[in-house]
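Take a look at the structure set out below.
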Amino acid sequence: MHYSDFITKAFDNIRKYPALLLPETILFFATYFLTIGLYRFSGLSAFAKTAMETGQKIDVSTFIRDFAAGYSSQIIFSLAAFVIITFVMGAGTEAIKFRMIKKITDRMNVSIKDLFNGSWRDFFRIVGMKMIIYLIALVIFLCLMLAASFLLSLGNGFTSIGAWVAAGIGLAVFVILSIGLLFRYAILFMEEQNAATTVRWSFHYFKKHTNYVIILWLIYLGIGILFTIASAIATMMFTSLRGNVDSAMAIYFVSFIGTVAAFAIRLVYNVWTGLFLFEAYSKNKIVR
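In terms of the numbering used here, the sequence shown opens at residue 211 and continues consecutively.
Given below as structure tokens:
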């Protein structure tokens with residue numbers, strides 16, 4: 211297949227199988243209402259309402275003195291709950307979504323019932339892979355910081371040079387990391403490997419099919435930029451519309467619709483990305 215075939219086939223599969231949009235849609239609304247719930251539980255909602263009614267100006271010092279000091283336990287609990295719950299739900303959503311995408315790539319049908327066919331094995335493999343990638347990124351970041359500190363310690367003549375060199379190397383390394391891990395989910399689900407093997411095979415695949423992976427990464431990046439522009443336009447349109455309404459309920463409603471519209475655009479791109487990369491990988495798999 212030609213590269214353009216991968217692009218069009220991915221969009222066509224979204225049209226044929228709208229159930230693919232459900233996992234991330236459910237995650238979005240769950241996260242949205244979870245955020246509202248924790249916002250109220252933390253006390254921030256009441257604090258902001260009181261500050262607005264009294265006309266009090268809210269700055270960092272006021273926030274720390276009048277709110278954070280009195281609600282520290284609620285704040286810590288809310289933040290911890292948000293991070294843990296969204297991480298777990300996010301990994302679970304990915305496990306279901308990519309299993310559905312694999313079925314489509316294997317020319318099988320998917321439906322709403324596939325939302326209930328997730329497995330703990332997929333979940334823990336995704337979590338393990340994320341942890342390995344985070345550790346790799348952390349090690350690279352620390353090494354770059356040490357290198358930058360060394361260059362800066364050499365004297366004023368190396369200060370600006372060291373900063374630019376460190377920034378350039380850091381950018382190059384993380385771009386390579388992004389390209390090298392482009393097919394991590396495709397390999398994880400289509401080769402049914404564990405987390406560590408998947409990361410290793412991803413870099414091996416990039417090394418063996420460098421031109422192929424770079425071209426697909428550029429397409430993935432280019433389509434992503436177009437969707438980002440579309441999402442930004444939708445956000446600006448609803449932000450402008452929000453300025454033309456007066457009541458608090460109308461402002462809330464317009465803001466909510468704007469958030470949903472921007473999310474819907476990102477959702478299509480996220481699902482398209484999975485379909486695009488799985489299809490591209492299926493046509494040029496790792497030879498074992």
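No residue lacks a Cβ here, since even glycine has one placed at the ideal position from N, Cα and C. Keep in mind it's a predicted model, so treat the numbers as computed, not measured.
Considering only their Cβ atoms, is the gap separating K307 from E402 smaller than 8 Å? no
So which of I386, A301, A347, I311 has the shortest CA-CA distance to F334? A301
Given that a residue counts as buried once 16 or more other Cβ atoms are within 10 Å of its Cβ, and exposed if not, what is I386? exposed
Taking I443 as the reference, give the member of L289, L325, F473 with the closest Cα. F473
Go ahead and label K312 buried or exposed: buried means 16 or more other beta carbons lie within 10 angstroms of its beta carbon, across all protein chains shown. buried
Which of the three DSSP states is assigned to E304 in this structure? helix
Which runs of the alpha helix (DSSP H) at least 4 residues long sit entirely within the stretch 413–456? Give them in chain order. 420–452
Alpha carbon to alpha carbon, how far is F393 from H212? Give it in angstroms, no decimals. 18 Å
Can you check which of these residues, Y395, V409, F239, is closest to M299 by C-alpha distance? F239
Is it buried or exposed, N319, if we count other Cβ atoms within 10 angstroms and call 16 or more buried? exposed
Take C353 as the anchor and find which of K340, F384, G328, M339 has the nearest alpha-carbon. F384
Nearest-angstrom Cβ-Cβ length linking L391 and S412, presumed shorter than 8 Å: 5 Å
Span of the alpha helix (DSSP H) holding D222? 213–226
For V478, which of L231, S492, D215 has the nearest alpha-carbon? L231
Taking the alpha-carbon positions, what's the A396 to A460 distance? 43 Å
Exposed or buried, which one is V293 when buried takes at least 16 other CB atoms within 10 Å? exposed
Can you grab the Cα-Cα spacing for the pair S359 / A377, in whole Å? 12 Å
Rounded to a whole number of angstroms, what is the C-alpha to C-alpha distance between K226 and T445? 28 Å
Expressed to the nearest angstrom, what Euclidean distance is found between the alpha-carbon atoms of S388 and I467? 32 Å
Would a C-beta distance cut-off of 8 Å place V464 and F448 closer than the cut-off? yes
Can you grab the Cα-Cα spacing for the pair G432 / P228, in whole Å? 24 Å
Under 8 Å, do A220 and E489 count as touching if we go by C-beta distance? yes
Member of W482, K495, L237 whose CA lies at the smallest distance from the CA of I224: W482
Environment of I322 [buried if 16+ CB atoms lie within 10 Å]: exposed
Please tell me whether V383 has its Cβ less than 8 Å away from any Cβ of chain C. Within the model displayed, chain C is absent; a lone protein chain is all it includes.
Can you tell me which of the three DSSP states G328 falls into? coil
Under 8 Å Cβ to Cβ from F505, same chain only, skipping five residues before and after it: list those, please. With the chain running from 211 to 498 in the structure shown, residue 505 is simply not present.
Note down the Cα distance separating S457 from I429, rounded to an integer number of angstroms. 44 Å
Is the beta carbon of I314 closer than 8 Å to that of L485? yes
Report, in whole angstroms, the separation of the C-beta atoms of L398 and M339, which I expect to be a contact under 8 Å. 6 Å
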